[in-house]
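In what follows, a single structure is set out as structure tokens and then discussed.
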Amino acid sequence: MLGYMNPGSLKRTVEGTQVWFYSRSQEDLWHKGEVSGNYLNLREWYVDCDADTILLKVEPDGPACHTGEVSCFYTKWTTPRVLDELFAVIKDRQRAMPDDSHTAKLLSEGTSRVAQKVIEEAGEAALAAATGDTEGLPGEIADLLYHTLTLMASAGVSPNAVWEELRSRRG
1 MLGYMNPGSL KRTVEGTQVW FYSRSQEDLW HKGEVSGNYL NLREWYVDCD ADTILLKVEP
61 DGPACHTGEV SCFYTKWTTP RVLDELFAVI KDRQRAMPDD SHTAKLLSEG TSRVAQKVIE
121 EAGEAALAAA TGDTEGLPGE IADLLYHTLT LMASAGVSPN AVWEELRSRR G
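Position one of the sequence shown corresponds to residue 1 (UniProt numbering), numbered consecutively onward.
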């Protein structure tokens with residue numbers, strides 16, 4: 001898990017055998033496990049090269065996460081990598097233009113045709129959502145993402161340009 005410390009929580013952790021954090025929302029010290037009984041027993045600690053981050057190695061008395069998971073980091077984040085991998089395949093098809101490739105055929109029809117496919121797929125995804133087709137919606141969104149990535153390749157826009165634009169809009 002990731003937690004914040006202030007001088008008071010650091011002092012209590014170093015002087016004792018269990019981990020204390022600083023709750024920014026409560027503006028108070030927080031003894032991890034005080035409510036759940038799932039204390040974090042300090043075994044080792046390390047400081048980074050700038051001495052501004054501490055890594056604590058602990059032995060938990062139970063799950064560290066409030067969800068009951070062993071760790072708060074149990075969800076693998078794969079989406080951007082999957083989209084980047086798909087974009088790489090699309091770019092490969094664009095370079096090689098194999099005869100048996102749907103992607104190469106679509107790209108050979110030009111950016112306007114690819115843009116039409118994006119509009120078509122967006123409509124299908126919106127219709128699936130509007131009609132409550134929760135089984136079909138993931139497939140429609142996958143089609144929309146594929147065609148959007150194909151449009152990006154056709155127009156010469158990289159995924160990183162889109163990721164950066166999204167990051168700049170985050171409030």
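Note that the Cβ used here is the ideal one computed from N, Cα and C, for glycine as well.
Given residue i as reference, the closest of the options once Cα atoms are compared
i    : options             : result
E34  : L42, S25, V19       : V19
P159 : D52, W45, S71, L86  : L86
H66  : A51, K32, E44       : K32
L106 : L137, S154, E135    : S154
L2   : W45, T13, S71       : S71
D28  : E135, L83, Y4, G156 : Y4
L10  : A115, D52, V82      : D52
S36  : A64, V162, T75      : A64
S101 : N6, G156, R167, V89 : V89
Cβ separation of residue i and residue j, assumed to be a contact under 8 Å, to the nearest whole Å
i   : j   : result
N38 : G62 : 4 Å
V14 : N41 : With 8 Å as the limit, V14 and N41 do not qualify as a contact, their Cβ atoms being about 14 Å apart.
Run of the beta strand (DSSP E) containing residue i, from where it starts to where it stops
i           : result
N38         : Segment: none, N38 is in no beta strand (DSSP E) and carries neither H nor E.
H66         : Taken as a continuous stretch (DSSP letters only), H66 belongs to no beta strand (DSSP E), as it is neither H nor E.
residue 186 : Given that the chain is displayed from residue 1 to residue 171, the structure contains no residue 186 and the question cannot be resolved.
L166        : Taken as a continuous stretch (DSSP letters only), L166 belongs to no beta strand (DSSP E), being part of the alpha helix (DSSP H) at 159-169.
L29         : 28-31
For residue i, the first and last residue of its enclosing alpha helix (DSSP H)
i    : result
D143 : 137-155
L10  : 7-15
Cβ contact check for the stretch 137-150 and the stretch 90-108: 3 or more pairs under 8 Å: yes
Cβ pair count under 8 Å reaching 3, the stretch 137-144 against the stretch 116-125: yes
Continuous alpha helix (DSSP H) assignments of at least 4 residues falling wholly in the stretch 70-140: 79-96, 102-108, 111-130
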